[in-house]
Amino acid sequence: GPANDNCITLETSVGRKQLSCDSFLQSILEISPDVSVLMSDHVHQAKLSKSRTRKSVTRTVEWARKILKDAKEKEDTKGTPMFFAAVEGGTILAQRKYCATALSKIEGLSGFVIAGLSTGETLYQRKEIITEVVACLPEDKPVVASTITNPLEILEAVSMGIDLFESGYPWRLTDQGLASCFEVRKGFDKQQFHPQLRGRSLSKMNLWDPCYKLDDKPVLHGCKCYTCTTHSRAYIHHLLNTHEMLAQVLLQLHNVFHFQSFFKNIRMSIKSNDFNDYRKWFEERYERVHLENANE
Amino acid sequence: HLGNRPGGDIVEKLGGIHKLMNWGGNLLTDSGGFQMVSLLKLAQITEKGVLFQSPVNGSSMLLTPEKSMEIQNQIGADIMMALDDVCPSTSDDEARFIEAAHRTLRWIDRCVEAHKNPQRQNLYGIVQGGLDAKLRDFSLKEMIKRDLPGYAIGGLAGGEDKELFWRVVKMCCDYLPKDKPRYLMGVGYTLDLVVCSALGCDQFDCVYPARTARFGTAITRQGLIKLRKQKYKGDKTLLDPTTSVGRKYTRGYLHEIASKEATGCQLLTMHNIEFLQNFMKELRGSIRQGNFPEFVKEFMRKEYPSGEYPNWAVDALLTAGIRLK
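Chains as they are written, first to last, in the numbering used here: chain R, 1 to 296; chain Y, 1001 to 1325.
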């Protein structure tokens, strides 16, 4: 909903609610999460007017200062959560840089979120935004990129300095009956491809496909998640057909696990100093696996 | 209906239902005939079998005793149910009752004939007859003649008067062989489980625990907890110390998610099923230890703290030698 200089408006399951800095801080202290992203004047679209963007940045910085100041005064023995500030500014680089710089000067922040990605900006714009914003932020604090989901884009963002991602990717796959199966480590995941799928992308498999009707193999060979160590593709296919919730439960277990193993491998490659090699290998294998299989 | 989706042949090709589900415990398949009662509009019953119209795509399927056996053989469950002609106990069409009781017997013979796997799969016959003593008597005598691995008491648990219900259950239990399991279909609530166990039933099935969970109700020894009620808002007490879900979640939390979130349905379902399994385990234990009457009395005291026991339960338990004060 619309925001003003003091409040944002949220649509909730019990109607429209207005949130001010005070009510925001009070709610956060009551809920007591480990990390809280600060309330910002966020408009969820890439194409915003200059003046609206400027206002959004001004409010966001002002509110961040106010909330942190109030939080410091309220500090109790139980401890306040860590606060991450949201860097706004849409696709206007100057505004993004201003916002990032201003926020990085506020005392008491533990990290930053680059808000408003995947709202309609081009991939080139996104790259610019990330690069410029990261350059303005302190090196010793984590940076979160909002809504970057595709594994290739994740690797690109990591190379630009992003540390954390929030993503609905696993659920979006699950919701469509898909299981992710892209390779995450060299030579480890030896997929058992179905001959009928030759030539088609195998970063994910569609368990609705009738070719799985009699397939008693696990979703992904070698995957250690509950689903792959307990159930078969045929069972999940059957559950999808009969509209059983267990289908989504099993798929989600796998998709989250698989996604996390991808990140585990990213971390390992950073630690052993060959992230760039890992990225190069990944890009060559991703979505290209079917070509190799076609020659079998 | 596994016979429809994925199809009996598919289940068989995948190694049977245990393998498909990766479940090592015992499984039971129904004949597919229950839909006669629950989806009567879509069923046409003849001597040959039941003609169903699939609610999924409108296609018709003729379910004969032979077809039911074939599908259940393919599925491969440990216990199979014979296809019976079911007339709901709340019906008042006497002619229909008589027809159903007789046809069920002709069908049991066709089932036995068609059953390809008697060494590994146990075919239960279902005793019918509604609430009519004569018909029940007839059905019992005839069914026992077939010397089956187990017997089900069918046609009850459809909302009929409890006074009539327990008398029919008792009659069946008195007649059925003492060394074969007695399976009372569609029961039920904890009170019914206790009373019918006292009357001689061994095996039960019911949608109740899972269904009531989805509506936000938890079954506990203190009675039913309807978690959607406002009084549970902010309630910091744990749900129930006797189950794994009950020990982990507060009533206040469950109040927020009960019947609203999928997780709420799942957690309460897990609780209710674990609760009932613990309950029956205790019941069995009391039989083995020889203090089943004490178990029953203790249960009734907790369930009805005011002491106002339902009359039918008092009468039924009396015939089992348990006198409630």
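Backbone N, C-alpha and C fix where the C-beta goes; we use that ideal spot for every residue, glycine too.
Item	Value
Below-8 Å beta-carbon distance, Y/K1013 vs any chain R residue	yes
Three-state class that DSSP yields for Y/G1130 in the structure shown	coil
Short Cβ contact (8 Å threshold) for R/A307 with R/K213	For chain R, the structure presents residues 1 to 296; residue 307 of chain R sits outside this window and is missing.
Where R/E73 falls, given that 16 or more other Cβ within 10 Å makes a residue buried	exposed
Inter-stretch contact (C-beta, 8 Å, three-pair minimum) for the region 1210 to 1220 of chain Y and the region 1260 to 1269 of chain Y	yes
Alpha carbon of Y/G1008 to alpha carbon of Y/E1303, nearest angstrom	43 Å
Inter-residue Cα distance where the pair is R/K224 and R/P170	16 Å
Three-state class that DSSP yields for Y/A1152 in the structure shown	strand
Distance, Y/K1116 Cα to R/K280 Cα	59 Å
One or two residues paired with Y/D1205 in a DSSP bridge	Y/M1185
Proximity below 8 Å, CB of R/V144 to CB of R/G111	yes
Separation of R/Q252 from Y/M1171, as counted between CA atoms	50 Å
Min CB distance R/H238 to chain Y below 8 Å	yes
Cutoff 8 Å; reference Y/K1180; Cβ partners in own chain excluding five residues on either side	L1148, P1149, G1150, Y1151
Distance CB(R/K47)-CB(R/G120) smaller than 8 Å	yes
Contact with chain Y by R/H221, beta-carbon distance below 8 Å	no
Interface partners of Y/N1022 on chain R, CB under 7 Å	T230, H231
Where the alpha helix (DSSP H) through Y/M1171 begins and ends	1162 to 1175
Three-state class that DSSP yields for Y/R1323 in the structure shown	coil
Closer than 9 Å at the beta carbon, the chain R residues around Y/K1010	This sequence places Ile at residue 1010 of chain Y; Lys is not what is there. Chain R residues near Y/I1010: K213, L214, A234, H238.
Proximity of Y/V1086 and Y/G1155 at Cβ, strictly below 8 Å	yes
Burial state of R/D22, where buried means 16 or more other Cβ atoms lie within 10 Å	exposed
CA-to-CA distance, Y/G1025 to R/A3, given in whole angstroms	58 Å
Any non-hydrogen atom of the ligand HEM closer than 7 Å to Y/T1029 Cβ	Of ligands this structure carries none, so the ligand HEM is not represented either.
Given R/I266 as reference, the closest of R/R185, R/H254, R/C228, R/K217 once Cα atoms are compared	R/R185
Helix, strand or coil at Y/Y1309 according to DSSP, with G and I counted as helix	coil
Partner residues on chain Y for R/N241, Cβ-Cβ distance less than 9 Å	R1005, P1006
Opposing strand residues paired with R/E166 [DSSP bridges]	R/S146
For R/T58, the three-state DSSP class (helix, strand or coil)	helix
Rounded C-alpha distance that separates R/H243 from Y/Y1208	21 Å
Alpha-carbon to alpha-carbon, R/E30 and R/K271	37 Å
Terminal residues of the beta strand (DSSP E) in which R/M205 lies	204 to 206
Proximity of Y/A1082 and Y/C1111 at Cβ, strictly below 8 Å	yes
Whole-angstrom distance between R/G222 and R/F165, CA atom to CA atom	26 Å
6 Å CB neighbourhood of Y/T1220 in its chain, flanking five on each side removed	D1240
C-beta neighbour in chain Y for R/G199, strict 8 Å	For R/G199, the predicted structure reports a pLDDT of 45, less than 50, and the residue's modelled location is therefore unreliable. A value from the coordinates is still provided. So no, R/G199 is outside the interface.
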